[in-house]
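Quick note: full-length UniProt numbering has the sequence shown finishing at residue 816, numbered continuously throughout.
By construction, the Cβ of each residue, glycine as well, lies at the ideal position given by its N, Cα and C atoms.
Below: one structure, written as structure tokens.
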Amino acid sequence: MNDTPKALPNKALLNWSWREIKHGQLWPIAMALTLIIACVFGLAALADRMDQVVVTQGKNALTADTVFRSSNPLPEALLNTAKTEHVETSTLTRFATMAFSDNGVQLVTVKAVDSAYPLRGDMILSDKSQTSHHVSGNELWLEPRVMQQLVVKIGDNVTIGDADFKVSGEVLQEPGLAFNPFQQMPSVYIHQSDVEKTGAIQVGSRVSFRLFINAPQDKIEQLKKSVELTPSDRWVDEDSQSRTSEVFEKTKQYLSLTVAIVVVMAAITLVLTCQHYVASRRQTIAMLKSLGAQKPWLIRWLSIQIGSLFTIGIVLGSVIGVLLEMVLRIPLTDVLPDPLPSYGVMPLLLSIGTCLAIGIPALGLPLIGLLNTSAASVMQPNQASIPKKAWLLILLPFALLMAIYGNNLLVWIVLASIIVLFAILGAISLLLVRGMQSLPVSPALKLALSRINRSSIASGIQFGALSLSLMLIAIIWLVRSDLLSDWQQTLPEDAPNVFALNIASYEKDNYLTEIDNANLNRSEAYPIIRGRLNEINGIEAKDYAHGEDKSDSLRRELNFTWADTLPARNDLLEGTWGEVGSVSVESDVANDLGLKIGDTLTFVISSQTVTAKVNTIRKVHWREMKPNFYFIFSPDVLKDIPGTWLVSFKAPEANKQQTDAFLNKMARDFPTVSLMDIRTMAGKIQVLLTQIVWSITVLAGLAVIAGLLLIFTLLRLSLSQRQQEIRLYRTLGASKKRISKTVWYEYGIMAFIAGIVASVGAEASVASLMKWGFELEPSWHIGLWIILPLLAFVTLALVLRTLIKQLLIPVNKAAF
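This is the structure:
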């Protein structure tokens with residue numbers, strides 16, 4: 001009885017398992033589990049930190065977690081709820097008025113804030129002797145340009161409305177990011193308690209009231225429920241900021257996409273490794289059964305082995321994952337905040353959950369079939385069956401994906417495409433190989449082609465896995481490249497950094513001449529006039545749109561312009577420009593309001609009513625820092641309504657003193673023109689984009705490394721499965737040179753075809769992701785068709801260099 005396997009205690013079984021791991025019997029699966037834990041942990045930890053940084057940047061741009069905006073005084077219900085919930089708040093009242101000094105007059109935007117403003121971001125105020133970050137009562141802080149235009153210095157008197165203030169100092173930096181040039185004038189800051197004495201806010205005044213809130217998301221939701229929005233009210237989160245929101249949202253999508261793809265690549269690695277492991281155990285199980293081992297004992301033995309492997313994978317993978325995350329953020333030292341945001345336990349839970357959710361079905365299904373192996377398989381190998389109920393284990397990884405990415409449509413599109421592409425890529429590769437078999441080739445190459453075609457299913461799986469791995473690597477890197485290319489348009493080298501508004505018609509030509517004489521790159525001049533859309537096809541616009549107005553085009557006055565031709569940077573989607581009495585509509589507004597070619601629109605402009613017919617619909621690229629418009633009229637529509645002009649130009653940033661002198665001269669020579677200098681704001685945007693670029697570059701690099709490890713594992717396992725066959729050839733007398741050449745041909749063909757097929761799949765996948773996932777125009781990547789096959793060849797060479805000598809040992813020598 002003591003000689004049977006049933007007599008072995010758990011300690012002996014554990015020692016047996018450790019010896020097998022130590023001597024290399026189980027190391028491939030231990031390596032695969034460690035790879036999954038390490039890659040998922042490292043990537044998830046870094047992605048979590050970068051996501052926190054991106055969200056923080058978005059909230060800093062907003063200056064709070066969320067903001068309530070209204071053209072009416074803040075509702076008491078909202079203020080009371082905020083006080084009851086003990087959330088951090090700050091208020092701002094914004095209005096335009098005239099600023100007077102003994103030496104000049106200037107139209108300014110007054111920002112009346114309380115002492116807590118800003119809740120996020122940084123405001124720097126300087127009185128030449130020290131800096132401060134908050135505004136107190138009876139203080140007046142001016143932008144440097146306002147001080148120059150009013151010809152005042154610190155301590156001088158300036159009148160804002162009806163109130164006299166002493167200039168406290170300069171505003172060196174405002175918090176947040178602003179992108180709309182039409183809504184900006186030079187800013188001055190006063191305290192909220194001083195608003196009343198300015199007398200600038202009267203009935204009918206155009207005022208904006210804002211409540212900034214910092215609070216957990218659940219409390220923010222309670223605050224949102226406490227107030228019923230009117231047409232003048234709006235909640236603004238970091239996701240609803242006009243230009244930056246697209247960059248933030250696409251970055252989050254990219255983080256999710258990267259994590260999902262790395263999980264898929266790790267899953268392929270584990271599944272193939274588990275298949276190899278189970279295949280190597282089939283003879284052992286049959287032999288143990290022939291010696292009297294019962295199923296419960298085999299389950300205990302295999303459970304100890306698998307449990308040991310999972311323990312090794314979790315411990316080593318977690319340690320390596322922590323080190324990996326530390327190494328990966330070395331390039332981001334100057335980008336990440338200090339102290340670093342903690343990533344908590346979620347990366348560890350995600351990596352362990354991923355490992356278990358993939359490993360249990362990947363090992364469980366073949367192990368169940370392994371346990372059903374009969375003792376007769378010792379003499380005549382056969383394939384054991386797997387019960388139908390066991391296939392329910394496949395639901396585990398899908399449950400994990402649902403928990404993590406339940407609402408992320410982009411990730412589900414990618415995963416569904418991966419499943420389909422795996423089969424398609426494998427089938428296409430096999431067809432290409434079969435087509436090559438009819439070509440006149442050398443004996444070694446013919447033997448390689450025959451070897452691939454002889455085991456179609458196994459070869460198809462290898463082709464599919466290798467092609468898919470290469471394709472996923474390409475997708476990660478190409479999506480990154482296309483996103484960066486698109487984001488560079490947000491702030492190109494020639495982007496204007498100064499806007500001149502309120503240029504009167506009689507001084508327009510002289511103003512443009514001054515800019516041209518200074519050899520500055522400027523835009524064309526745009527006529528500007530403000531008004532509202534009142535009716536659509538004779539129906540009240542709000543009723544016609546049924547409240548669907550995400551662009552807020554009906555809630556406020558808009559800036560209109562007129563032109564003989566449409567801007568070249570706008571994409572014409574429908575219609576033809578040129579008719580008199582026409583208007584061109586921006587595509588998002590057209591979709592929100594249900595507008596189509598031929599609709600008649602009625603506008604109220606300067607108390608006058610004008611009518612125009614929609615003749616074109618345009619796609620406007622709002623992220624570009626250039627003047628853009630919802631509505632562009634044909635010149636005849638607005639010919640009897642006076643307006644002002646706007647022009648933007650690029651002021652050199654290299655010589656700040658010279659640029660400042662030019663802007664001051666323009667302000668003195670044209671005192672009624674409002675100059676908006678956005679050089680500081682452009683610098684903020686550039687820093688923000690730099691941080692995001694670094695983030696996704698590091699993440700893409702990690703995904704590529706994980707993909708290369710997967711390809712290395714795939715090729716290594718595939719060659720390991722050929723070991724017995726190659727040794728048999730050697731025993732039968734085949735020369736090392738012939739076998740080596742055949743192996744190089746076989747896997748060289750596999751690498752070349754997989755690279756080409758992966759290039760086709762990557763191009764199609766990236767084009768779909770760009771168009772439907774990120775809403776960007778796709779582009780071709782010619783270099784990809786060279787890089788992917790080359791990458792496959794290099795990885796193949798590394799694997800073959802490490803294994804070829806071992807594979808060529810004859811079986812009689814390998815036994816010793």
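{"Check": "With a cut-off of 8 Å on the beta carbons, I'd call V498 and D677 a contact; round off their distance for me.", "Outcome": "5 Å"}
{"Check": "Nearest-angstrom Cα distance between R434 and N453?", "Outcome": "7 Å"}
{"Check": "Go to F95, then tell me how far its beta strand (DSSP E) extends in each direction, as first and last residue.", "Outcome": "88-100"}
{"Check": "Under a three-way DSSP split, which group does F629 fall into?", "Outcome": "coil"}
{"Check": "Give the single residue among L324, I756, Y506 whose Cα lies nearest to the Cα of L46.", "Outcome": "L324"}
{"Check": "DSSP three-state label for I782, please.", "Outcome": "coil"}
{"Check": "So is the beta-carbon of E139 under 6 Å away from any non-hydrogen atom of the ligand SAM?", "Outcome": "In the structure on display, the ligand SAM does not appear, and there are no ligands present to speak of."}
{"Check": "Determine the closest residue to V757 out of A215, I404, L421, E557, with distance taken between C-alpha atoms.", "Outcome": "L421"}
{"Check": "Taking C-beta to C-beta, are A30 and G317 nearer than 7 Å?", "Outcome": "no"}
{"Check": "For P186, does the three-state DSSP call read helix, strand or coil?", "Outcome": "coil"}
{"Check": "Could you tell me if H191 is buried or exposed, where buried requires 16 or more neighbouring beta carbons within 10 angstroms of its beta carbon?", "Outcome": "buried"}
{"Check": "Specify the secondary structure class of S136 as computed by DSSP and reduced to three states.", "Outcome": "coil"}
{"Check": "If you drop the 5 nearest sequence neighbours on each side, which residues of the same chain put their C-beta closer than 6 Å to that of N180?", "Outcome": "Per-residue confidence for N180 stands at a pLDDT of 49, beneath the threshold of 50, marking its modelled position as unreliable; no derived number is given."}
{"Check": "If I measure Cβ to Cβ from I418 and keep anything under 7 Å in the same chain, skipping five residues before and after, which residues do I get?", "Outcome": "V264, L468"}
{"Check": "Taking A545 as part of the alpha helix (DSSP H), name the residues at either end of that continuous run.", "Outcome": "541-545"}
{"Check": "Spell out a yes or no on whether the region 358-368 and the region 389-408 are touching, meaning 3 or more CB-CB pairs, one atom from each, closer than 8 Å.", "Outcome": "yes"}
{"Check": "Around the Cβ of L801, are there at least 16 other Cβ atoms within 10 angstroms (buried) or fewer (exposed)?", "Outcome": "Note on identity: in this sequence residue 801 is Arg, with Leu being the wrong assignment. Label assigned to R801: exposed."}
{"Check": "Can you find at least 3 beta carbon pairs, one from the region 59-78 and one from the region 218-238, that sit closer than 8 Å?", "Outcome": "yes"}
{"Check": "Locate the alpha helix (DSSP H) running through G364, then write down its first and last residues.", "Outcome": "346-371"}
{"Check": "With a floor of 4 residues, list each alpha helix (DSSP H) that falls wholly inside the region 557-645, ordered by position along the chain.", "Outcome": "587-593"}
{"Check": "So, L583 versus F633, is the Cβ gap smaller than 7 Å?", "Outcome": "Going by the sequence as given, residue 583 is Val instead of Leu. Against a cut-off of 7 Å, the Cβ pair of F633 and V583 comes out as a contact."}
{"Check": "If you compare alpha carbons, which of S442, L445, G464 is closest to L431?", "Outcome": "G464"}
{"Check": "With H, G and I counted as helix, E and B as strand and the rest as coil, what does DSSP make of R19?", "Outcome": "helix"}
{"Check": "Looking only at DSSP bridge pairs, what is M676 linked to?", "Outcome": "F499"}
{"Check": "Going by C-alpha to C-alpha distance, which of A112, T131, D156, Q173 sits closest to E196?", "Outcome": "A112"}
{"Check": "How would you label N521, buried or exposed, when you count the other beta carbons within 10 angstroms and need 16 or more for buried?", "Outcome": "exposed"}
{"Check": "What three-state label does DSSP hand R206 in the structure shown?", "Outcome": "coil"}
{"Check": "According to DSSP, simplified to helix, strand and coil, what is P527?", "Outcome": "strand"}
{"Check": "With a 10 Å radius around its C-beta and 16 neighbouring C-beta atoms as the bar for buried, classify S606 as buried or exposed.", "Outcome": "exposed"}
{"Check": "In the structure shown, what three-state DSSP assignment does S459 receive?", "Outcome": "helix"}
{"Check": "For R480 and L769, what's the separation of their Cα atoms in angstroms?", "Outcome": "11 Å"}
{"Check": "Which same chain residues end up closer than 7 Å to I394 when comparing Cβ atoms and leaving out the 5 residues on each side of it in sequence?", "Outcome": "P361"}
{"Check": "Pull the bridge partners of L229 from the DSSP assignment, please.", "Outcome": "Bridge partners of L229: none, in fact."}
{"Check": "Counting only the same chain and skipping the five closest in sequence on each side, list residues whose C-beta sits under 6 Å from that of V620.", "Outcome": "N570, E586, N628"}
{"Check": "Would you be able to state if there are at least three C-beta pairs under 8 Å between the region 125-143 and the region 208-217?", "Outcome": "no"}
{"Check": "May I have the straight-line CA-CA distance separating T93 from F560, to the nearest angstrom?", "Outcome": "26 Å"}
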